[in-house]
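Chemist:
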Amino acid sequence: MKRSRPSDLPEACARFPQEMLPVDRIWHLDFRLAPLANLSAEALFFLYYALDNCERGDSAYLAHAYDAWSRLPAELRVNLPVRHMERFSAAFGCTPGQSAMAPRRRCAVMRWPAPRPEARLPP
Numbered sequence: 000m001k002r003s004r005p006s007d008l009p010e011a012c013a014r015f016p017q018e019m020l021p022v023d024r025i026w027h028l029d030f031r032l033a034p035l036a037n038l039s040a041e042a043l044f045f046l047y048y049a050l051d052n053c054e055r056g057d058s059a060y061l062a063h064a065y066d067a068w069s070r071l072p073a074e075l076r077v078n079l080p081v082r083h084m085e086r087f088s089a090a091f092g093c094t095p096g097q098s099a100m101a102p103r104r105r106c107a108v109m110r111w112p113a114p115r116p117e118a119r120l121p122p
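Residue numbers (numbering that gives the first Met the number 0): 0 to 122.
#1: My output table needs one value for Ser39: the three-state DSSP class, helix, strand or coil.
#2: Taking only runs that begin and end inside the segment 69–111, name each unbroken alpha helix (DSSP H) of 4 or more residues, in chain order.
#3: Spell out the partners DSSP gives Leu32 in its beta bridges.
#4: Excluding sequence positions up to five away, which residues of its chain have a Cβ less than 7 angstroms from the Cβ of Arg70?
#5: Going by CA-CA distance only, name the one from Ala90, Gln97, Asp66 and Ser58 that's closest to Leu46.
#6: Which of the three DSSP states is assigned to Cys53 in this structure?
#7: Around the C-beta of Ser88, are 16 or more other C-beta atoms found within 10 angstroms, so that it is buried, or is it exposed?
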């Protein structure tokens, strides 16, 4: 199974509203998950990103994962990129500077607008 990478997040986040636009515009719906009805579709996007990176967290596994694949632990692969995205803060109501997941100063790497997918297709 291919796991999502932190570098994939800005493009996926940019595509998400495009994928949801017909649902919102035609049916005026914001998809919700029944057990988590208080989470918007945008919040669920980030939740599923985290779930896609879920893995064991014991020290033996983490050491093996880093040694074998030079891969950061899931906690860092998920939390580091999303905490620098304004859309994440907005989805969960995090106030910049008052939450570890919404620092006052954010890394510019996760703020750049991802290019439109069609802009990258060959002519």
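Note that beta-carbon positions come from the ideal geometry of N, C-alpha and C, so glycine has one too. Treat the numbers as computed from the prediction; the structure is a model and nothing was measured.
Modeler: The structure says:
#1: The three-state reading of DSSP puts Ser39 in coil, since its state is none of H, G, I, E or B.
#2: Correct list: 73–81 and 85–91.
#3: According to DSSP, Leu32 bridges with Leu35.
#4: Once the five neighbours on either side are set aside, the close Cβ partners of Arg70 are Ala64.
#5: Comparing Cα-Cα distances from Leu46 to each of Ala90, Gln97, Asp66 and Ser58, the minimum goes to Ala90.
#6: Shown here, Cys53 sits in coil according to DSSP, grouped into three states, outside any helix or strand.
#7: Per the 10 Å Cβ criterion, buried.
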